[in-house]
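K.L.:
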Amino acid sequence: MYEDYFSIDDILSTQERIRCQLLVDIPKLGFLESSSATATLNDEKKDHADEQNFSSLTANTKLELPYWMIYSICNCKTRFASLPELPLIYSRIQRQIFAADASVVDLAKQAAHFYRQGRHLLELNFDEKRQVAMTLLQTYQQRFRSIMDASFHLILSSDHHHHESMKQQTGKFERQEKILLMLGQAAFRDYDRLVNNETKQMLPPKIQGMTTDLTNVLNGGMNRKRKR
29 MYEDYFSIDD
39 ILSTQERIRC
49 QLLVDIPKLG
59 FLESSSATAT
69 LNDEKKDHAD
79 EQNFSSLTAN
89 TKLELPYWMI
99 YSICNCKTRF
109 ASLPELPLIY
119 SRIQRQIFAA
129 DASVVDLAKQ
139 AAHFYRQGRH
149 LLELNFDEKR
159 QVAMTLLQTY
169 QQRFRSIMDA
179 SFHLILSSDH
189 HHHESMKQQT
199 GKFERQEKIL
209 LMLGQAAFRD
219 YDRLVNNETK
229 QMLPPKIQGM
239 TTDLTNVLNG
249 GMNRKRKR
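In this text, residue positions in the sequence shown follow my numbering: the first is 29, and each later residue adds one.
1) Restricting to runs no shorter than 3 residues, where is the beta strand (DSSP E) found entirely within the region 81-136?
2) Can you give the Cα-Cα distance for I183 and L85, rounded to whole angstroms?
3) Which residue wins for smallest C-alpha separation from R147, given the options E92, R158, D220?
4) For L50, which three-state DSSP category applies?
5) Give me the Cα-Cα distance between Y143 and I175, rounded to the nearest whole angstrom.
6) Run through the DSSP bridge pairs and tell me what R45 is partnered with.
7) Out of curiosity, what's the CA-to-CA distance linking D53 and M162?
8) Tell me which same chain residues have a C-beta within less than 7 Å of the C-beta of T106, skipping the five on either side of it?
9) Which residue comes first and which comes last in the alpha helix (DSSP H) that contains D220?
10) Give the single residue among I117, W96, R47, V223 whose Cα lies nearest to the Cα of H141.
11) At the level of alpha carbons, what is the spacing between L111 and L50?
12) So L114 and E156 are supposed to be a Cβ contact under 8 Å. How far apart are they, rounded?
13) With C-beta atoms as the reference, is S119 less than 7 Å away from Q170?
14) How is K157 classed by DSSP in three states: helix, strand or coil?
15) Please work out which residues of its chain come closer than 7 Å, Cβ to Cβ, to A87, disregarding the five sequence neighbours upstream and downstream, and give them in chain order.
16) What's the call for N145, buried or exposed, on a 16-neighbour Cβ count within 10 Å?
17) Report back the beta-carbon spacing between G58 and S83 to the nearest angstrom; my notes put them in contact at under 8 Å.
18) Once the 5 residues before and after A178 are set aside, which same chain residues still bring their CB inside 7 Å of it?
19) Would you kindly work out how many angstroms separate the C-alpha atoms of D37 and P55, rounded to a whole number?
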C-alpha cells in the first residue's frame with residue numbers, strides 16, 4: 029500500500045477522503061457517521077451524544093473515510109465496505125474532460141496528488157478500475173509534452189510574455205509534475221553547461237523532494253552509459 033512510509037507526499041495522498049458504503053453492521057462506531065458529529069455539545073445533550081457514539085453503524089450506511097482506512101476495510105478477507113462512487117476527480121464526467129484535453133485541467137487546485145492518489149485508488153476493487161487506469165496513463169501522456177516544453181523554455185527563453193505564459197501553465201501542475209519540471213530544468217542546465225564546455229561530466233540532477241529510488245535509477249543509468 030505505502031510507497032514510502034516516511035514520504036510526506038504519500039501521507040498526504042492517503043489522507044484524502046473517499047466515500048464508501050458499508051456492507052455489514054459495525055458495532056460501537058457510530059461516531060464515524062457525519063450525521064452524529066456536532067461542533068459543540070451542551071450538558072443536556074452530552075449523554076445522548078455518548079449513547080449515539082457507541083451505537084452501531086448499519087449496513088448500507090455511507091461514510092467518507094481516509095484512503096488508508098478504506099484500503100483496510102475494502103481489501104480484507106471479509107469485505108466491510110464497497111465504493112458506490114469514485115472521488116470527483118476520477119469520475120466519469122471528469123474522465124471525459126481529461127480525454128478531451130487534459131492540459132487545461134488545473135490539477136494543482138483539483139487534485140494536488142493526482143497520480144499518486146490514483147495509483148492508490150487502483151489497489152481497491154471497483155467497476156471502473158480499468159477506465160481510471162487508462163485516464164491516469166493518457167493524462168500523463170498528454171501533459172508530459174507541456175512539462176518538457178516548460179522545462180526548456182523557462183531556462184532558455186528570453187521572451188518575457190512567453191515566460192509568463194509558461195509560468196501560468198506550470199501553475200496547473202500537480203506535485204509529481206512539478207518534480208519532473210525541476211528535473212527537466214536541471215537536465216537542460218547541465219546540457220547547456222556541457223555544450224559550452226563549462227563541465228566535463230554530466231551528473232544526475234539532485235532535486236529536493238526527489239525520492240531516493242529515483243536518484244539511484246538516475247545514478248545507475250549514468251554509470252551504464254560511462255561503461256559503454
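Every residue, glycine too, gets a C-beta built ideally from N, C-alpha and C.
Fair warning: this is a prediction, and the values are worked out from it, not measured in the lab.
P.N.:
Taking the coordinates as given:
1) 90-94
2) 56 Å
3) R158
4) strand
5) 15 Å
6) P94
7) 35 Å
8) none
9) 203-223
10) I117
11) 9 Å
12) 7 Å
13) no
14) helix
15) L50, L51, V52, D53
16) Here residue 145 is Gln; the residue named in the question, Asn, does not match the sequence. Buried.
17) 4 Å
18) M194, Q197, T198, L209
19) 33 Å
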